[in-house]
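K.L.:
Protein chains: 2
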Amino acid sequence: MIVELVSTGTELLLGQIMNTNAPFLSARLNALGFSVVYQTSVGDNRERMKNVLQTAIERADIVITSGGLGPTQGDITKEVTALLLNRSMYLHQDSAEQIERYFAERRLCMSENNLRQAMMPAGAEIIKNTCGTAPGVIVEDQAAGKIIINLPGPPHELTAMFDASIAPYLKERFGIQGVIVSRVLRTYGLGESALEERIKQYILSQSNPTLALLARSGEIHVRITARADSETEALGLISELEGQIRPHINEYIFGIDNETLETIVGKLLIANNLTVALAESCTGGLVTSRLTDVPGSSRYLVGSVVCYSNEIKINQLGVPAAIIANEGAVSRQTAEYMAKGIKDKYSTEVGIGITGIAGPDGSTEGKPVGLVYIAIAGPGGIVCHQHNFNGTRADVKHRTALAALNHLRQYLLTI
Amino acid sequence: MIVELVSTGTELLLGQIMNTNAPFLSARLNALGFSVVYQTSVGDNRERMKNVLQTAIERADIVITSGGLGPTQGDITKEVTALLLNRSMYLHQDSAEQIERYFAERRLCMSENNLRQAMMPAGAEIIKNTCGTAPGVIVEDQAAGKIIINLPGPPHELTAMFDASIAPYLKERFGIQGVIVSRVLRTYGLGESALEERIKQYILSQSNPTLALLARSGEIHVRITARADSETEALGLISELEGQIRPHINEYIFGIDNETLETIVGKLLIANNLTVALAESCTGGLVTSRLTDVPGSSRYLVGSVVCYSNEIKINQLGVPAAIIANEGAVSRQTAEYMAKGIKDKYSTEVGIGITGIAGPDGSTEGKPVGLVYIAIAGPGGIVCHQHNFNGTRADVKHRTALAALNHLRQYLLTI
């Protein structure tokens, strides 16, 4: 089954908003076994939308539109759909009442325009919108064997409606048996092409499960997707392939599915009954902020010091002034003193010290922008890692934060 | 002039990547006075790409493709372009040499495939790629009055090539006189619809300059764009409109163009010769991290304490244990003691204390998730603001950080 996605809205053509609906729908539809082969965007213009939908319905079996279901004169997607499939429009009573209720409950004034949202193509299936006022629509042209589905434009309404109503409809309508299950192996520390090189044979030879590599802000995700009659069977296929590829990349896998570096670190700290404190210089609190993104992180994170000035490093963390004078604020020794200092001061089992040059200024001879030291002090002794990161100030901060979280993870695995 | 954008690449149809090229090109082309009326995505399939480009060249004057210029067998955009415009392909010697040089300089092994990138449609203008190996292509069909432009897919290559070569070509080719200048008024504190309500009359009545509202992670940007014969004239038009709308929204405007809340705060601290330190609880270091995103922030940011535990609040910041016991760790009094405590401890002129409940757990009777206190102690005395934010843990942290930076900005404006 060939699917074409048609996104409507002049704001797309002006480049004012990013189209997130198309990748969402594409991923979902591909997982269900449909082939999305065209994605088209068109503005709120009757003639052009009609032409685009005409072309779409000729070259695809299913056309899914997003946007243009609202109450304004520019919202014309349902009308154009009705026109193309030779349907009249009528006021759908249930939808009208629901819209009236929506306004009454919020004590808002409803204008006549709002009832446009309840005008529907004859013979359409009306799909409830659980997150907004505009219902969705499914219109089937039995004779031609074509289907047009109109979804609302706001991403949270569209995603909720697709998962709650459209996916089940498509599965039943096309007798899609079984389930599709994905597992994501999240990796850090190896580049995309190097990772691909190691597991290339599995990427090329697999049709079920399939393997995909996705770069996600410093991490590479390996997604395994299996189709099978039952979830158990799908999980079996996934585990089998996972068992084959793990030996090639195992040291870089830190978690699966929604696990982040900070949730994994949190679990390891809880499992080992350890608390942690940080002394951050070049990252300015970013690593602590990421650790505290995890609900319940107050169980193991006691606190941190952001020590931007040398005085704070000396007075608050006990870094010897002579070390800073002789070795520099950005040095292995300073990082180690910071880690020990914060550990003692905040009475934790683990302390982390991070110092570096985020740039664009601040480099000195032999110490370029991007030079970073990350020290960890704890039950496993003191270790310190040196890095030379590339990129902007924001890049250096982000890469340092990822590296620090990953070093902490590895440290906790070895104690 | 009607433009159609054609994005190629199977990864788009699988929903694996976001299409950022289409909004970039749309915004740039609209600013030049072109009308982008269709955006189409198609995979690396010869037949389908040919049909899509055929349709595009029929309904548009200019077709701009992105992607498919690489060295693999799946990179077919130039071939399909040549086919449609009846051109043969030839090896472009300069491009071939440049690619060979690129590999030699990096001591990489070049495969025969890489020379595919130097195969060009006859009569095409070849556009240098300053960020990668695949040159761009402009092919004009004089008789039909149509133009096809092939750009590389990687966003940083495409944006650089468009600005350096394609925009100047289009301006000269279509005799686009004058300049287009934008200014962004960045606002915080008023919702999009409320802001729109205040300046609606100017949005509706303007054609030059135009006004657009853009929501950007908690801020609303008001973009004024003017077209004129000279930059001076355009800036005059912008300033005139800015003068008209400012009285309606002035208290919410914090900066223009690339100014962020943290750069503005930094400038105010420098102008007043003040230093600052923070005590962060619920934000976990996020506010300090944002302040240190500004190059040179070490001039005014001395350091911070992330005080997740009550012990740190008491022992390191001097919050009286009785206050925490009686009023709670999340209270106006605790926030104020934190602000004063960090100011004294780190010997700064300004101290900030932030405490709240980021959720999802931690709410108590009368203290719901999202309750946040932000205190500022400094030359202007002590002030404390209470907020009740909605949303996830990440939302609450983000909204608290924005509010804290804005409160600090307002505080510094009044001293």
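So the protein sequences, as listed, match chains A and B. With the working numbering as the guide, the letters of the first sequence map in order to residues 458 to 872. With the working numbering as the guide, the letters of the second sequence map in order to residues 458 to 872. Here a beta-carbon is modelled for each residue, glycine too, at the ideal position from N, C-alpha and C.
1) Given this structure, state the Cα-to-Cα distance separating A/Gly466 from B/Glu597, to the nearest angstrom.
2) Express the C-alpha separation of B/Glu699 and B/Val638 in angstroms, rounding to a whole number.
3) Listed in chain order, which residues of the segment 763 to 795 of chain A have Cβ atoms closer than 8 Å to some Cβ of chain B?
4) Pick helix, strand or coil for A/Leu774, following the three-state DSSP scheme.
5) Nearest by alpha-carbon distance to B/Gly589: which of B/Glu515, B/Gly602, B/Tyr559 and B/Val679 is it?
6) Would DSSP call A/Asn607 helix, strand or coil?
7) With a threshold of 8 Å between beta-carbons, can B/Thr749 be considered close to chain A, or not?
8) For a contact defined as C-beta to C-beta under 7 Å, what are the partners of A/Val759 on chain B?
9) Answer yes or no: does any C-beta atom of chain B fall closer than 8 Å to that of A/Met577?
10) The beta strand (DSSP E) with A/Asp598 in it runs from where to where?
11) By how many angstroms is the C-alpha of B/Ser545 removed from the C-alpha of A/Ala488?
12) DSSP on B/Ser664, reduced to helix/strand/coil?
13) Determine whether the beta carbon atoms of B/Thr745 and A/Val763 lie at a separation below 8 Å.
14) Thinking A/Leu859 and A/Leu718 are a contact (beta carbons under 8 Å), I'd like their distance in whole angstroms, please.
15) Which word fits A/Asp532, buried or exposed, when buried means at least 16 other C-beta atoms lie within 10 angstroms of its C-beta?
16) With distances taken from CA atoms, which of B/Ser498, B/Gly823, B/Pro817 and B/Ser696 is nearest B/Thr667?
17) Going by other Cβ atoms of all chains shown within 10 Å of its Cβ, with 16 needed for buried, is A/Leu565 buried or exposed?
18) When you compare each of B/Leu541, B/Gln555, B/Gly810 and B/Lys535 to B/Tyr547 by their alpha carbons, which one comes out closest?
19) Considering only the alpha carbon of each residue, which of A/Ile606, A/Val787 and A/Gly610 lies closest to A/Gly524?
20) To the nearest angstrom, how far is the alpha carbon of B/Arg850 from that of B/Gln843?
21) Among A/Ala861, A/Met506, A/Ile623 and A/Pro528, which one has its Cα closest to the Cα of A/Ile604?
22) Strictly under 8 Å for the Cβ-Cβ distance: is A/Phe491 near chain B by that measure?
23) Less than 8 Å between CB atoms is the rule here; does A/Asn715 satisfy it with respect to chain B?
24) Per DSSP, what are the beta-bridge partners of B/Met576 in this structure?
25) Tell me whether A/Val461 sits in a helix, a strand or coil according to DSSP, three-state version.
26) Can you list the residues of chain B that A/Gly753 reaches, using a CB-CB cut of under 8 Å?
27) Since B/Pro480 meets chain A, which of its residues come closer than 9 Å, beta carbon to beta carbon?
28) Report the three-state DSSP secondary structure of A/Asn487 (helix, strand or coil).
29) Mind checking which residues open and close the alpha helix (DSSP H) that includes B/Gly723?
30) Beta-carbon separation of B/Met458 and B/Asp501 under 8 Å?
31) Looking only at its own chain, which residues have a Cβ that is under 8 Å from the Cβ of B/Ala579, when we skip the five neighbours before and after it?
32) Going by DSSP, what residues sit across from A/His844 in a beta bridge?
33) Work out the CA separation of B/Ser492 and B/Leu627 for me, nearest whole Å.
34) Does B/Arg866 come out as helix, strand or coil in the three-state DSSP assignment?
35) Which residue or residues does DSSP assign as beta-bridge partners of A/Glu582?
36) In terms of residue numbering, what span does the alpha helix (DSSP H) encompassing B/Ile519 cover?
P.N.:
Short version:
1) 30 Å
2) 13 Å
3) Val763, Cys764, Tyr765, Ser766, Glu768, Ile769 and Gln773
4) coil
5) B/Tyr559
6) strand
7) yes
8) Tyr765, Ser766 and Ile769
9) no
10) Gly593 to Asp598
11) 40 Å
12) coil
13) yes
14) 7 Å
15) buried
16) B/Ser696
17) exposed
18) B/Lys535
19) A/Gly610
20) 17 Å
21) A/Ile623
22) no
23) no
24) B/Leu548
25) Per the sequence shown, residue 461 of chain A should be read as Glu rather than Val. Three-state DSSP puts A/Glu461 in a strand.
26) Asp818
27) Leu469, Leu471, Gly472, Gln473, Ile474, Met475 and Asn476
28) helix
29) Leu718 to Ala728
30) no
31) Ala539, Arg544, Ser545, Met546 and Tyr547
32) A/Val829
33) 13 Å
34) helix
35) A/Ile595
36) Not the alpha helix (DSSP H): B/Ile519 falls in the beta strand (DSSP E), residues Ile519 to Ser523.
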